[in-house]
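Below you'll find the structure, written out as structure tokens, and then a few comments.
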Amino acid sequence: MPMMMSEEEICREFRLAASKTKQLQILADENVCTKKEIAEILIRNGEEGVPKWYTNPPKEKPKKEAPAPALTRCSVAEELAKLVEGRAVRSYSVSGKLVDGRMVWLIELETEM
């Protein structure tokens, strides 16, 4: 939707305002848009006094890596089958321990060459 006021009128109204922060909301209401859109117009036209939180948007937080999907019995068996590649398993041992709140499993296989 186009603005009700021209960019020049928005800048003039902002420049003459006693309270720049309040004027942003007033201009946004009058033009049926967001305060951010008004701030972008003001910055684009070189107006001073735009609150810093409009000119310096918060930095995005780095996204955390998603945890690895839990292995099911079936997928564990499939992974083990890939490891032994058809060789006969002589013996195996399984042990597990808690590390940083997660269970870590160690599976040792002895296979025939």
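Quick note on this note's numbering: the sequence shown kicks off at 1343 and runs consecutively.
Cβ atoms here follow ideal geometry from the backbone N, Cα and C, with glycine treated the same way.
- A Cβ-Cβ contact shorter than 8 Å links residue 1372 with residue 1346.
- Rounded to whole angstroms, residue 1392 and residue 1406 show a C-alpha spacing of 33 Å.
- When the five nearest sequence neighbours on each side are left out, no beta carbon in the same chain lies closer than 6 Å to the beta carbon of residue 1423.
- The three-state secondary structure of residue 1431, taken from DSSP, is strand.
- For residue 1446, the CB contacts under 7 Å within the same chain, skipping 5 residues up- and downstream, are 1438 and 1439 in chain order.
- By the 16-neighbour rule on beta-carbons within 10 angstroms, residue 1366 is buried.
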